[in-house]
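Data first, discussion second: the structure below is written as C-alpha cells.
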Amino acid sequence: MSGAPDNSPPAARWLRIGRLIDGRGGPPRQNVVMEIRDGRITALQPDHPPAAEVRDLSRATVLPALMDAHVHLAFSGSEDPEIRAAQLQASPDQVVATAQHHLGAHRKWGISAVRDGGDRSAAILHSKMDGRLATEPSVTVLTPGWAWHAAGRYGAMIGRHPAPGQSLAEAITPHLATIDHLKILQSGINSLKRCGPVGGPQFSASDLQMAVRTAHAAGKPVMVHANGDLPVRLALEAGCDSIEHGYFMGPDNLRRMADRSVTWVPTAVPMAALARAEGLTQEQRDVARRTLDHQLDQIRQAHDLGVFIALGTDAGSHGVHHGQAVREELLLLMDAGLSLPAAIRCATRNAARLMGLQNRGSLVSGRRADFIVLPGPPERLLENLNGIFDIHLNGQPCQPV
C-alpha cells in the first residue's frame with residue numbers, strides 16, 4: 033500500500049551573494065540572498081531563514097549565464113588559410129565533431145546558449161535532431177540549418193539558394209518545421225579595400241516580405257544578415273526579427289529598429305580581429321579599423337535610441353574564437369559607451385529575448401537559475417571572466433569543462 037503523496041515544496045538552496053548583476057541593465061546589487069528551488073530562483077532578499085544552510089559568495093560577483101546570439105559552430109577562428117580552406121570542405125561528420133568541440137569552449141566561458149548562423153550541409157541541424165550533437169544541459173543550440181542566399185551571391189559556404197524559378201518563400205517552406213529560426217542573407221560582406229557599404233540587396237522587397245511572412249506563419253523568427261542602407265531597410269520593412277551585422281546601415285535604420293522593437297546583433301569583434309591580423313596588409317588593417325570605429329559609433333547611437341542590442345560575436349570568423357570572443361565583444365560594447373551592466377544585458381536578457389528563451393537571461397524571481405560566479409568585485413569582472421570557477425545551470429552547480 034503506497035503512502036500519501038508528498039506535497040511538500042522542493043528543498044531550498046540559499047546563496048549569500050556579495051554583488052549581483054541581474055541582467056536587466058541596472059547597477060549591481062549588494063549583499064543579496066538568493067533562494068533556489070527546483071532549478072528556479074524563488075526569492076532575492078536581504079537575509080535567509082535562521083536555520084538555513086547558506087553558501088557564502090559574499091566575496092564574489094554573480095551574473096546570468098552568458099549567451100552568444102551569432103556563432104558559426106562549423107568553423108573555428110583559426111587564421112591559418114589551410115585550416116580555413118579545409119573547413120569549407122568538411123564532411124557533415126567532421127562538422128559535428130568541430131561543433132561539439134566549440135560547444136565545450138562556450139561552456140568553459142560561461143555561455144549557456146548559442147544561436148548558430150548555418151552551415152552548407154545543415155549538419156548542425158541534422159545532428160541536433162538525431163541526437164549526435166549533445167547540447168543540453170550544457171549549451172542550448174538554436175540553428176537555422178542553412179542560411180539562404182540568392183544564386184550567385186555571397187553565402188554558399190554557410191547555406192543554399194532557391195532553385196531556378198523558385199521563390200525564397202517556396203524554397204524555405206519544406207524546412208520550416210524543423211529549424212529553430214530562418215536565416216536570410218540580404219547583402220554581402222564588408223570590404224577590406226574601402227571603408228563603406230559594398231553591394232546591393234540579394235532579394236527583392238516582395239520576395240523578402242513573402243519569405244518573412246511564411247516563416248512567421250510557421251512560428252519561426254527571422255534573422256537577416258544585412259549591411260548597408262538599402263539591404264537593412266528592406267529587411268526591416270519585410271518584418272524581420274533581427275538584423276545581423278548592420279554595418280553602414282545609417283541612423284534612419286537605427287530609428288526604424290527602435291520604432292519596431294527589432295533586435296540588432298552588431299558583431300563588432302570580427303572587425304577588431306581583422307584590424308590586428310598579421311596576415312593582412314597595413315592598408316587592409318586600416319580599413320578594418322575605420323570600419324570598426326564606424327560600427328562602434330552606430331552602437332553608441334543605437335543605445336541612445338533604445339534599440340534592443342543582443343551580443344553576438346560571429347565566432348568562427350577569421351580570428352574570432354568560440355567562447356572567448358564574448359569577452360572581447362563585451363569590451364567593445366563598453367568602448368561604444370555602454371556601462372558594464374548594460375553590456376551584460378546584451379549578452380543575457382536581450383539575447384534570451386531574441387532567442388525565445390523567456391525563462392532565462394535575468395536573475396529575477398521565477399526565472400531559471402542559470403548563472404556564473406566570478407571572484408572579486410564587478411570592476412574586475414571582465415578581467416576574471418576567463419577564470420570562471422563556478423557555473424550553475426538549471427540551479428545545479430557544474431564544473432567548467
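In our numbering, the protein residues as written are 33 to 433. Quick reminder that beta carbons are idealized off the backbone N, C-alpha and C, glycines included.
Requested in this report: Please work out which residues of its chain come closer than 6 Å, Cβ to Cβ, to residue 172, disregarding the five sequence neighbours upstream and downstream, and give them in chain order.
Outcome: Contacts found: 145.
Query raised in the report: From this set, 249, 360, 268, which residue's C-alpha is nearest residue 347's C-alpha?
Result: Of the candidates 249, 360, 268, the one whose C-alpha sits nearest the C-alpha of residue 347 is 360.
Report task. Please report how far the alpha carbon of residue 105 lies from the alpha carbon of residue 148, in whole angstroms. Result -> A straight-line Cα-Cα distance of about 7 Å links residue 105 and residue 148.
Requested in this report: Within its chain, find whatever has a CB closer than 7 Å to the CB of residue 338; leave out the 5 residues flanking it on each side and keep chain order.
Outcome: 290, listed in sequence order.
Report task. Would you identify the three-state DSSP class for residue 371, choosing helix, strand or coil? Result -> DSSP, reduced to helix, strand and coil, places residue 371 outside both helices and strands of the structure shown, so it counts as coil.
Requested in this report: Starting from residue 159, follow the alpha helix (DSSP H) in both directions and report where the run begins and ends.
Outcome: Element bounds for residue 159: 155 to 162.
Report task. For the beta strand (DSSP E) containing residue 88, list its first residue and its last residue. Result -> In this chain, the beta strand (DSSP E) harbouring residue 88 covers 86 to 96.
Query raised in the report: Where DSSP assigns a beta bridge to residue 340, which residues make up the other side?
Result: Answer by DSSP bridge pairing, in chain order: 295.
Requested in this report: Specify, as a first and last residue, the run of the beta strand (DSSP E) that residue 202 falls within.
Outcome: Note, residue 202: premise wrong, no beta strand (DSSP E); alpha helix (DSSP H) at 200 to 204.
Query raised in the report: Near residue 239, what residues of its chain come up, given a Cβ to Cβ distance below 7 Å and the 5 sequence neighbours on each side ignored?
Result: A distance below 7 Å between beta-carbons, with the five flanking residues on each side excluded, links residue 239 to the following residues of its chain, in chain order: 199, 200.
Query raised in the report: In chain order, what residues of the same chain lie with their CB nearer than 8 Å to the CB of residue 381, ignoring the 5 residues before and after it?
Result: For residue 381, where only same-chain residues beyond five positions count, the Cβ hits under 8 Å are 55, 56, 57, 96, 393, 394.
Query raised in the report: Per DSSP, what kind of secondary structure is residue 171 in: helix, strand or coil?
Result: Residue 171 falls in the coil class under three-state DSSP.
Report task. Count the CB pairs spanning the stretch 251 to 268 and the stretch 304 to 315 that are closer than 8 Å, and state whether there are at least three. Result -> No, the stretch 251 to 268 is not in contact with the stretch 304 to 315.
Query raised in the report: Terminal residues of the continuous beta strand (DSSP E) containing residue 435?
Result: Any question about residue 435 goes unanswered here, given that the chain covers just 33 to 433.
**Report entry** Beta-carbon proximity of residue 166 to residue 132, cut-off 8 Å
**Finding:** When the beta-carbon positions are compared, residue 166 and residue 132 come within less than 8 Å of each other.
Query raised in the report: Taking C-beta to C-beta, are residue 405 and residue 98 nearer than 8 Å?
Result: Not a contact, by the Cβ cut-off of 8 Å.
Query raised in the report: When you compare only the Cα positions, how much space is there between residue 64 and residue 387?
Result: If I take the Cα positions, the gap works out to 28 Å.
**Report entry** Reduced DSSP secondary structure (H/G/I, E/B, other) of residue 418
**Finding:** Helix at residue 418.
**Report entry** Within 8 Å, strictly: CB atoms of residue 378 and residue 423
**Finding:** No, these two residues do not count as a Cβ contact at 8 Å.
Query - Minimum C-alpha distance to residue 350 - residue among 228, 327, 164, 103 - result: Among 228, 327, 164, 103, the Cα nearest to that of residue 350 is on 103.
Query raised in the report: So, are the CB atoms of residue 209 and residue 193 less than 8 Å apart?
Result: Not in contact: residue 209 and residue 193 (Cβ atoms no closer than 8 Å).
Query raised in the report: Skipping 5 residues on each side, what residues in its chain have a beta carbon closer than 6 Å to that of residue 61?
Result: Around residue 61, the same chain offers 52 as residues with beta carbons nearer than 6 Å, after the five sequence neighbours per side are excluded.
Requested in this report: Report the three-state DSSP secondary structure of residue 281 (helix, strand or coil).
Outcome: Three-state result, residue 281: coil.
Requested in this report: Could you tell me how far apart the beta carbons of residue 323 and residue 418 are, in whole angstroms, since I believe they sit closer than 8 Å?
Outcome: Between residue 323 and residue 418, the beta carbon gap of about 27 Å keeps them out of contact (Cβ cut-off 8 Å).
Requested in this report: Tell me whether residue 67 sits in a helix, a strand or coil according to DSSP, three-state version.
Outcome: Strand at residue 67.
**Report entry** Bridge partner(s) assigned by DSSP for residue 215
**Finding:** Residue pairing by DSSP puts residue 215 in a beta bridge opposite 179, 255.
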